[in-house]
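Using the working numbering, you'd call the opening residue of the sequence shown number 59 and step up by one each time.
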Amino acid sequence: IPHSERHDGIRLDSRGQLSPPVRLGKVGDPDDKIMAAYLAAKANLKQQLIGERNTLHWISKQYQDSRQFRELAPSSQRAAWHAAKILQHPIALDGKMQTVADLHITEVDKPLFQKITENRYKKAQDEGRKGAASINREIAYVSAMISWATNYIPNLGIDRNPLIGFRRLPEQGRTRHVSDDEYWTQYHIAAETPENGLCIVFELTLGLAARGAEALHIKVSDCTEQGILVHRLKGSKNTLIEWSAEPDIPKEQTRLYRACQAALERHKGHKILPIDPPLILTRKGERLSPSGLQSAMQRLKQKMKARGLERMYWTVHELKHKAITEAKDKRIAGHKTEAMRQKYDHSVEKFKPGI
């Protein structure tokens with residue numbers, strides 16, 4: 059078998075020959091008969107190869123090993139790995155239980171994935187989760203890897219992504235506005251374990267109208283005389299947030315500056331740090347990761363639940379909603395469109411009475 063035709067699924071021996079071998083004829087057979095048998099065997103092997111290769115599991119592996127996937131942002135890669143868990147969803151195939159990963163690409167269609175979506179959504183609801191957003195991300199991952207495959211994998215069996223135009227689950231937008239009472243209640247409970255740094259994250263996220271991930275990516279060099287430079291994610295414009303909202307208030311008296319100083323104070327316990335370290339560190343002197351922040355928030359949530367305060371609990375991302383809602387200038391978070399600003403702004407318009 060030539061090297062150009064050696065693929066996963068074709069078994070070869072140490073000499074590079076088919077294992078087991080395919081009989082093409084016997085001594086004395088005419089050349090045209092042997093050639094016809096060779097072409098038939100090659101076509102059969104090609105069909106067999108396509109059948110073994112082009113499952114969703116195989117395509118997912120090729121996609122994640124590709125240059126295009128490696129060029130994605132690390133956060134996008136992590137999100138894709140998480141979304142790929144849909145491939146482990148059990149389904150009945152040919153009368154036996156298998157998984158979505160076992161599906162051949164030619165078996166993928168919208169009705170089948172609508173059924174898979176509904177089953178996963180029901181499971182999420184039974185577990186007390188909303189589920190719609192995460193399931194939509196899972197479907198988006200499958201669609202993305204299939205679109206990639208139609209461009210880069212030969213002999214795929216299809217030439218168009220069958221999930222284009224897939225109707226996803228409707229997602230309920232966030233409408234909650236965290237009140238000051240709710241904020242400070244959770245803040246003070248988090249302050250009982252200051253080593254996790256949650257209070258610093260809360261104040262920076264609120265003051266900067268930032269995503270949690272944006273706050274975690276702030277470096278010491280981003281803290282300037284004028285304020286803090288926030289490198290925005292998801293296409294938003296970077297913004298410089300000044301220390302003080304009022305020109306006559308010294309920066310030393312502002313909550314944002316004090317939060318920054320509290321973060322820098324934690325650096326003093328570590329002798330070896332990078333030249334330009336992250337502003338927010340763990341107690342081990344490492345950058346606090348999104349997963350580390352999520353774990354700390356889950357522990358805080360359990361602590362609030364034990365005190366009967368689970369209804370007051372808010373997520374870090376809800377602080378961005380609070381910040382934009384209460385900001386005088388709704389452009390604070392760097393959103394480029396009015397639609398995005400309105401998505402985060404939950405303020406209620408006030409009007410004079412008509413009588």
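Glycine included, every Cβ here is placed at the ideal spot set by N, Cα and C.
Around the C-beta of residue i, are 16 or more other C-beta atoms found within 10 angstroms, so that it is buried, or is it exposed?
| i | result |
| --- | --- |
| V259 | buried |
| N219 | buried |
| M155 | exposed |
| V200 | buried |
| H140 | exposed |
| T395 | exposed |
| H393 | buried |
| G293 | exposed |
| F171 | buried |
| R290 | buried |
| Y96 | exposed |
| A391 | buried |
| A207 | buried |
| I307 | exposed |
| K380 | buried |
| G186 | exposed |
Alpha helix (DSSP H) containing residue i: first to last residue?
| i | result |
| --- | --- |
| L358 | P348 to A364 |
| K427 | Examination of residue 427 is not possible in this model, given that the chain is present from 59 through 413 alone. |
| P132 | P132 to A141 |
| I413 | Premise fails: I413 is in no alpha helix (DSSP H) and is neither H nor E. |
| I193 | A190 to Y210 |
| M55 | Absent from the structure is residue 55, since the part of the chain shown begins at 59 and ends at 413. |
| T263 | L256 to L266 |
Of the choices the options, whose alpha-carbon is the least far from that of residue i?
| i | options | result |
| --- | --- | --- |
| L337 | A271, S294 and A364 | A271 |
| C318 | L114, T282, K84 and K359 | T282 |
| P169 | I193, F224 and E240 | F224 |
| M362 | A273, L287, T243 and G186 | T243 |
| R415 | Q126, Y179, R324 and E165 | It is not possible to answer for residue 415, since the shown part of the chain is limited to 59 through 413. |
| E368 | H375, E376, P148 and K359 | K359 |
| E261 | A273, A354 and E250 | A273 |
| L214 | K342, Q120, K91 and K309 | Q120 |
| R324 | H235, N254, I216 and H115 | N254 |
| S302 | E344, K295 and E310 | E310 |
| L114 | M203, R73 and P79 | M203 |
| D27 | L377, A182, F409 and I413 | Beyond the ends of the chain as shown, which are 59 and 413, falls residue 27; an answer cannot be given. |
| L151 | K143, H162 and I144 | H162 |
I'd like the span of the beta strand (DSSP E) that includes residue i, first residue to last.
| i | result |
| --- | --- |
| T297 | T297 to E300 |
| I286 | G285 to V288 |
| S156 | At residue 156 the sequence reads Gln, which differs from the Ser that was named. Segment K154 to T157, the beta strand (DSSP E) holding Q156. |
Consult DSSP for residue i and reduce its assignment to one of helix, strand or coil.
| i | result |
| --- | --- |
| G343 | coil |
| Q311 | helix |
| T164 | helix |
| T113 | strand |
| I149 | strand |
| K277 | strand |
| P78 | coil |
| P228 | coil |
| P336 | strand |
| N219 | coil |
| G86 | coil |
Below 7 angstroms, is the gap between the Cβ of residue i and the nearest heavy atom of the ligand MG?
| i | result |
| --- | --- |
| H147 | This structure does not include the ligand MG; it has no bound ligands of any sort. |
Can a CB atom of chain C be found closer than 8 angstroms to the CB of residue i?
| i | result |
| --- | --- |
| G366 | No chain C is part of this structure, which consists of one protein chain only. |
Open item on the list: Measuring CB atoms only, is the region 87-95 touching the region 176-194, in the sense that at least three cross pairs come out at less than 8 angstroms?
Closed with: Verdict: no, contact absent.
Open item on the list: Under 8 angstroms, with one C-beta from each stretch per pair, do the region 156-165 and the region 188-197 reach the 3-pair mark?
Closed with: no
Task: At least three beta-carbon pairs within less than 8 angstroms, the region 331-346 to the region 235-252 - done: no
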